[in-house]
Amino acid sequence: MDQKLQNQVAIITGANSGIGAGVSAAVAAAGSTVVINYPFPALQPAAEAVLKNITSQGGNGIVYCCDVSKEEEVQQMFAAVVRQFGTVDILVNNAGIQEDAPFEEMTLDQWNAVLGINLTGQFLCAREAIREFLRRGIDPAKSKAAGKIICISSVHEVIPWAGHANYASSKGGIMMLMKSMAQEFAPKKIRINSICPGAIQTPINKAAWDTPEALQSLLTLIPYQRIGEPDDIGKAAVWLASDDSDYVTGASLFVDGGMTLYPGFSTNG
Ligand code: BGC
52 MDQKLQNQVA
62 IITGANSGIG
72 AGVSAAVAAA
82 GSTVVINYPF
92 PALQPAAEAV
102 LKNITSQGGN
112 GIVYCCDVSK
122 EEEVQQMFAA
132 VVRQFGTVDI
142 LVNNAGIQED
152 APFEEMTLDQ
162 WNAVLGINLT
172 GQFLCAREAI
182 REFLRRGIDP
192 AKSKAAGKII
202 CISSVHEVIP
212 WAGHANYASS
222 KGGIMMLMKS
232 MAQEFAPKKI
242 RINSICPGAI
252 QTPINKAAWD
262 TPEALQSLLT
272 LIPYQRIGEP
282 DDIGKAAVWL
292 ASDDSDYVTG
302 ASLFVDGGMT
312 LYPGFSTNG
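Be aware that the sequence shown starts at 52, since it is given in the working numbering, and climbs by one per residue.
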C-alpha cells in the first residue's frame with residue numbers, strides 16, 4: 052500500500068457518493084484517516100458503506116453528518132475531528148449539488164441552495180481548516196506543508212453552462228476563492244488547489260450517461276473518448292495532498308479527458 056499520506060487526517064465533504072466516495076477511498080489507501088462527511092441523516096447508510104469498503108481494505112476512518120452550508124455545523128465537525136484525532140491535515144472540499152433550471156425560471160431557492168453548498172460550504176470548511184492549520188503549524192514528520200486544501204471545482208469554472216447558471220457561478224466562484232486563499236496562505240506553507248473534473252460517472256450526471264444515446268452524445272465533448280471515473284479524481288487528490296506536489300499551490304488541475312480543449316474546433320473553425 053502506498054503510504055504518502057501516512058498518519059494524516061483528511062476531511063472529505065459530501066463523501067457518501069460519487070467523487071467524494073472515490074476520493075475517500077484513494078486518500079485512505081494512501082494512509083490517511085478519513086472523515087467521510089455526509090449532509091443529512093438519511094444518507095448515513097451510504098456513508099457507512101463507503102467506510103466499510105475502506106476498512107475492509109485496511110483503511111481507517113469515521114462517518115460524520117454535517118450540512119456544509121451551516122456555519123455552526125461546520126465548526127462542530129472540525130471541533131469533533133480535532134478532539135478525536137488531534138488535528139486535521141487535509142480538507143477535500145467536495146460537497147456539491149446541481150439544481151438546474153432555465154435561467155428565466157430559476158427560483159431564488161434553487162440559486163441559494165447551490166451557492167450555499169457549493170461555494171459558501173467551501174468557504175466555511177476552508178476557514179475552519181485554515182484556523183486549525185495555523186494553530187498546529189508544520190509537523191515535519193507528516194508533511195512539508197502546514198496543511199492542504201483541495202477544492203473540487205469543475206470544468207464549469209471556465210466553461211459557461213446554459214441552464215445551469217447557479218452551478219457554473221458557484222464553480223467560477225470556487226476558482227477565485229481557491230486562488231485568493233492560496234495567495235494569502237502560501238507564506239504560512241498552506242497549499243490550496245482545485246481539481247476541475249469533467250464528466251465523471253456519478254449520480255449527479257446520470258442522465259448524461261445512462262443510455263447509449265446519451266453517452267454517445269456526451270463523448271462528442273470528450274476528446275479522450277471515455278467518461279471519467281471517481282478514481283481518476285482520487286488519484287489527482289492524493290497527489291495534490293502529498294508532498295509530491297509540494298511546489299504546487301493556487302492551481303486548477305483539469306482532470307477532464309480534454310473537455311476544456313474546445314473539441315468542437317477539431318473539425319471546424
Ligand atoms: C457536472 C456534471 C457534468 C460535468 C461536465 C460537472 O461539474 O456536475 O453534471 O457532466 O461537469 O459537463
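Idealized CB from N, CA, C, for every residue including glycine.
Following the continuous beta strand (DSSP E) through Val306, name the residue where it begins and the one where it ends. The residue you call residue 306 lines up with position 255 of the sequence shown. Start and end: 303 to 306.
Where Ser317 sits in the DSSP three-state scheme: The residue you call residue 317 lines up with position 266 of the sequence shown. DSSP places Ser317 in helix when its eight states are reduced to three.
Residues bridged to Asn244 [DSSP beta-bridge criterion]: Locating residue 244 in the sequence shown gives position 193, where the first residue counts as 1. For Asn244, which the question treats as bridged, DSSP gives the partners Ile201.
In whole angstroms, give me the CA-to-CA distance for Lys222 and Gln54. The residue labelled residue 222 in the question sits at position 171 within the sequence shown. The residue labelled residue 54 in the question sits at position 3 within the sequence shown. Straight-line Cα distance between these residues: approximately 31 angstroms.
Going by DSSP, what residue range makes up the alpha helix (DSSP H) through Leu266? Residue mapping note: residue 266 aligns to position 215 of the sequence shown, counting from 1. Segment 263 to 270, the alpha helix (DSSP H) holding Leu266.
Any chance the region 68 to 79 sits against the region 163 to 180, with 3 or more Cβ pairs inside 8 angstroms? no
For the 8 angstroms Cβ check, are there 3 or more pairs between the region 276 to 284 and the region 180 to 190? no
Where Met52 falls, given that 16 or more other Cβ within 10 Å makes a residue buried: To locate residue 52, count along the sequence shown from 1; it is residue 1. Bear in mind that the predicted position of Met52 carries a pLDDT of just 46, short of 50, making it unreliable; the figure below should be weighed with that in mind. Exposed, by the Cβ-count rule.
Under the three-state reduction of DSSP, which class applies to Gly112: helix, strand or coil? Residue numbering aside, residue 112 sits at position 61 when the sequence shown is read from its first letter. Three-state result, Gly112: strand.
Relative to the ligand BGC, is the shortest distance from any of its heavy atoms to the C-beta of Ile284 smaller than 7 angstroms? Position 233 of the sequence shown, counted from the first residue, corresponds to residue 284. For the ligand BGC, not one heavy atom lies less than 7 angstroms from the Cβ of Ile284.
For Val86, which option in Pro96, Glu122, Leu142, Pro92 has the closest C-alpha, if you only look at C-alpha atoms? Here the question's residue 86 lines up with position 35 in the sequence shown. When each option's Cα is compared against that of Val86, the closest is Leu142.
Which of the three DSSP states is assigned to Gln57 in this structure? The residue given as residue 57 occupies position 6 in the sequence shown. The answer is coil: DSSP assigns Gln57 none of H, G, I, E or B.
Contact check, Tyr218 vs Gln173 under 8 angstroms by CB: the rounded distance? By 1-based counting over the sequence shown, the position of residue 218 is 167. By 1-based counting over the sequence shown, the position of residue 173 is 122. Contact flag wrong, Cβ pair sits at about 14 angstroms.
Counting pairs of beta carbons, one from the region 198 to 211 and one from the region 234 to 251, are three or more of them closer than 8 angstroms? yes
For the region 110 to 194, which segments carrying the beta strand (DSSP E) assignment without a break, of at least 3 residues, lie completely within its bounds, in sequence order? 111 to 116, 141 to 144
Using a Cβ-Cβ cut-off of 7 angstroms (strictly less than) and excluding sequence neighbours within five positions of Leu312, which residues of its own chain qualify? Position 261 of the sequence shown, counting from 1, holds the residue named residue 312. Result list for Leu312: Pro274, in chain order.
Pull up the distance between the alpha-carbon of Asp283 and that of Val306, whole angstroms please. Position 232 of the sequence shown, counted from the start, is the residue given in the question as residue 283. Position 255 of the sequence shown, counted from the start, is the residue given in the question as residue 306. Each residue's Cα considered, the two are about 7 angstroms apart.
Does the distance between the C-beta of Asn256 and the nearest non-hydrogen atom of the ligand BGC fall short of 7 angstroms? Here residue 256 corresponds to residue number 205 of the sequence shown, with the count starting at 1. The answer is yes for Asn256.
Measuring CA to CA, which of Lys239, Ser293, Gln59 is closest to Gln135? Sequence index remark: in the sequence shown, residue 135 carries index 84 (1-based). The shortest C-alpha separation from Gln135 is found at Gln59.
Give me whichever residues DSSP pairs with Thr84 in a beta bridge. The count along the sequence shown starts at 1 and reaches residue 84 at position 33. Bridge partners of Thr84: Val60, Asn111.
Cross-strand partners of Gly279 (DSSP beta bridge): For the purposes of this step, residue 279 is taken as the residue at position 228 of the sequence shown. Answer is Ile251.
Should Gly249 be counted as a contact of the ligand BGC given a C-beta to heavy atom distance under 7 angstroms? Along the sequence shown, one-based indexing puts residue 249 at 198. For the ligand BGC, at least one heavy atom lies less than 7 angstroms from the Cβ of Gly249.
So, are the CB atoms of Thr271 and Asn145 less than 8 angstroms apart? For the purposes of this step, residue 271 is identified with residue 220 of the sequence shown, where counting begins at 1. For the purposes of this step, residue 145 is identified with residue 94 of the sequence shown, where counting begins at 1. Taking 8 angstroms as the Cβ cut-off, Thr271 and Asn145 do not qualify as a contacting pair.
Compute the minimum distance between the beta carbon of Gln149 and the heavy atoms of the ligand BGC, and state whether it is under 7 angstroms. By one-based count along the sequence shown, residue 149 stands at place 98. It does: the Cβ of Gln149 is within 7 angstroms (strictly closer) of some heavy atom of the ligand BGC.
On a CA-only basis, which of Asp297, Glu208, Pro153 is nearest Ser303? Give me that one, please. Looking up residue 303 in the sequence shown gives position 252. With distances taken between Cα atoms, Ser303 lies closest to Glu208.
C-alpha gap between Lys121 and Ala131, whole angstroms: Working through the sequence shown from its first residue, we reach residue 121 at position 70. Working through the sequence shown from its first residue, we reach residue 131 at position 80. So the alpha carbons of these two residues sit roughly 16 angstroms apart.
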